[in-house]
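Have a look at the structure below before the remarks.
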Amino acid sequence: MDEFWWAMVLVAVYTILAFMWIFTLIDLFGRLDLGGWGKAGWLMGILFVPVIGVIAYFVTRPDTRFKDST
Numbered sequence: 141m142d143e144f145w146w147a148m149v150l151v152a153v154y155t156i157l158a159f160m161w162i163f164t165l166i167d168l169f170g171r172l173d174l175g176g177w178g179k180a181g182w183l184m185g186i187l188f189v190p191v192i193g194v195i196a197y198f199v200t201r202p203d204t205r206f207k208d209s210t
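So this is what it looks like as structure tokens:
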């Protein structure tokens with residue numbers, strides 16, 4: 141029974157990481173402030189080093205919530 145719960149924890153962690161990875165890719169391609177080379181660079185980082193790439197992307201992403209929309 142102990143192996144079952146470890147498997148459930150691994151599935152939960154994997155699911156969370158997969159959703160973060162997919163959300164990061166959707167957010168990356170939806171950004172209008174990055175050019176093609178910038179998106180390609182981030183894509184390589186996110187694809188080849190997924191966990192570090194996702195964390196680095198969201199840490200360095202500019203905050204657009206308080207930007208003036210005029």
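Under this note's numbering, think of the first position of the sequence shown as 141, with each following residue one higher.
Glycine included, every Cβ here is placed at the ideal spot set by N, Cα and C.
- Cβ-Cβ distances below 7 Å link VAL194 to MET160, TRP161, THR164 and ILE186 in the same chain, with the five nearest sequence neighbours on each side left out; the list follows chain order.
- TRP182 sits buried, since 16 or more C-beta atoms from the chains shown fall within 10 Å of its C-beta.
- With a contact defined as Cβ atoms closer than 8 Å, VAL191 and LEU157 qualify at about 7 Å.
- Measuring C-alpha to C-alpha distances from LEU174 to each of VAL151, ARG201, THR155 and ASP142 identifies ARG201 as the nearest.
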